[in-house]
Amino acid sequence: PLCILPTRSVRTSFFIIPFTQYCHRTYTYHTMPKSRRAQRVALTKTAKKTREHKSNYVDTVRSAIDSNDRLYLFSYENMRSNHFKDVRLHFRGGNAKDSMDDDEEGGGNGEGRLFLGKNKLLQIALGRSSEDEYSDNLHQLSKILSGSVGILCTSQSPKDVESYFANLAVEDFARAGQTAPQTVMLSQSQIETHPVSMVEQFRKLGLPVEVKNGRVAFVGGREEWEVCKEGKELSVEQCKILTHMGLKLAVFRIELVCRWEKEEGTVEEF
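For the sequence shown, the numbering used here begins at 4 and goes up steadily by one.
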């Protein structure tokens, strides 16, 4: 068999070579190297915590224990940084920064300090057993220090502290993944207060709405529509609908678990 290939001359012409000779030809392809300027750089990358940083954190916790008369172990639900900042301000005498970070300087002179988010380091600071505990009976708190918990070091009276947390309950909008505490039904009167420009946005969230007589209305003339059902997990769309309607289903709350007194070394559970 023969293979006809075009020549490199200006005129259109062809030459004939055996097909087997054409098949045995090898071709080399050269690729350009990748440019280093095209690499992606993660702007959210943070420096890894060093051993020195962890040791300083443990020292900060122990310094707060020495500077205060008692220590509380507390649990929290529906954490919101803006509400938790107010709690910090209350126990630090208005000197807290607008942050949830526990690593800033300060906390001496009897000022209250709150620590959370680093349970293993807190256990090391308190002591995991009676042999390595920082003070008498602190290892009892270390045993139950797990999950969504934190510690408060303060010199305020037990009555004031326990009264403050007993009355602490701040409503906020629910987030996706939370269990609905109640069934929520939207009425026609709640829908029609919104502008007609939000109809498309409501439809994308799953609301069966339309424009009727220049107002937002449910499709088919229905009077109510169920947003969520009690005991069911909330989706992203359901939370956005609740936010648009101004319905707050979450409650930021802190509950005290136990109290440790430095002078006596006693632990009292609540």
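Quick reminder that beta carbons are idealized off the backbone N, C-alpha and C, glycines included.
Model, not experiment: these values are computed from the prediction.
Determine the contact status of residue i and residue j, defining contact as a CB-CB distance below 8 Å.
| i | j | result |
| --- | --- | --- |
| S151 | R131 | no |
| G268 | D139 | yes |
| L259 | F77 | yes |
| E196 | F94 | The question names Glu, but residue 196 is Thr in the sequence shown. No, the Cβ-Cβ distance between T196 and F94 is not below 8 Å. |
| E226 | Q191 | yes |
| L208 | I257 | no |
| V222 | L189 | no |
Report the three-state DSSP secondary structure of residue i (helix, strand or coil).
| i | result |
| --- | --- |
| Y60 | helix |
| D175 | strand |
| F118 | strand |
| R131 | coil |
| S70 | helix |
| L189 | strand |
| T47 | coil |
| L245 | helix |
| K146 | helix |
| E233 | coil |
| L125 | helix |
| G109 | Residue confidence is low: G109 scores 45 on pLDDT, short of 50, so the model does not pin down where it sits. Its coordinate-derived value is still stated next. Coil. |
| K207 | helix |
| S238 | coil |
For residue i and residue j, which I take to be in contact (beta-carbon distance under 8 Å), what is that distance rounded to the nearest angstrom?
| i | j | result |
| --- | --- | --- |
| V3 | G217 | The displayed coordinates of the chain run from 4 to 273. Any statement about residue 3 would go beyond what the structure contains. |
| A128 | A177 | Not a contact, Cβ separation roughly 34 Å. |
| V270 | Q143 | 5 Å |
Alpha carbon to alpha carbon, how far is residue i from residue j?
| i | j | result |
| --- | --- | --- |
| V64 | G153 | 12 Å |
| G234 | Q185 | 7 Å |
| H247 | A183 | 17 Å |
| G224 | A172 | 39 Å |
| E134 | L141 | 11 Å |
| N112 | D72 | With a pLDDT of 43 at N112, under the threshold of 50, the modelled position of this residue cannot be trusted; read the value that follows with caution. Computed Cα separation, rounded: 12 Å. |
| D101 | E136 | A caution first: D101 carries a pLDDT of 42, below 50, which makes its placement in the model too unreliable to give a value. |
| L124 | V187 | 42 Å |
| P161 | K51 | 38 Å |
| W263 | L210 | 51 Å |
Locate the alpha helix (DSSP H) running through residue i, then write down its first and last residues.
| i | result |
| --- | --- |
| E165 | 161-169 |
| I154 | Careful: I154 lies outside any alpha helix (DSSP H), inside the beta strand (DSSP E) at 152-157. |
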